[in-house]
Amino acid sequence: MAEEKKEIDILKHELVPKHRILNEEEKKKLFEKYGVKYKDLPRINLKDPAVVAVGAKAWDVIEIERKSLTAGETKYYRVVVPNR
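Residue numbering for the sequence shown follows the numbering used here, beginning at 369 and increasing consecutively.
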């Protein structure tokens with residue numbers, strides 16, 4: 369009997385924060401608001417499972433929405449970098 373492989377949508381897992389790709393206008397506003405450029409943002413690898421799940425490409429900017437008991441909801445931003 370062959371085993372079936374089951375794919376899991378990691379974005380629906382309770383421990384994985386919400387990830388989404390910013391559009392060009394949102395990136396522009398983010399860069400202006402904080403006075404940053406791509407090189408200033410923390411990086412996230414193109415092969416990160418959450419990055420793969422949202423369909424991001426190299427140099428996309430990802431918004432990660434985290435929930436905390438003390439801070440409430442906070443947003444973090446990462447630039448997707450290709451594998452090296």
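For every residue, glycine included, the Cβ atom is placed at its ideal position computed from N, Cα and C.
Spatial neighbours of Val384 in its own chain (CB-CB distance under 8 Å, excluding positions within 5 residues in sequence) are listed in chain order as Ile378, Ala418.
For Val449, there is no enclosing alpha helix (DSSP H); the residue is part of the beta strand (DSSP E) that begins and ends at 440 to 449. Taking a contact as a CB-CB distance under 8 Å, the pair Arg388 and Val422 counts as one, their CB atoms being some 6 Å apart. Apart from sequence neighbours up to five positions away, the residues of its chain that approach Arg446 with a beta-carbon distance below 8 Å are Leu409, Pro410, Arg411, Ile412, Val429, Ile430, Ile432, ordered along the chain. A straight line joining the alpha-carbon of Arg434 with that of Lys443 spans about 6 Å. The DSSP-derived three-state label of Lys435 is strand. Contact between Ala424 and Val448 holds, with the beta-carbon distance rounding to 5 Å and staying under 8 Å.
A Cβ-Cβ distance of about 21 Å is found for the pair Asn451 and Leu390, leaving them out of contact under the 8 Å criterion.
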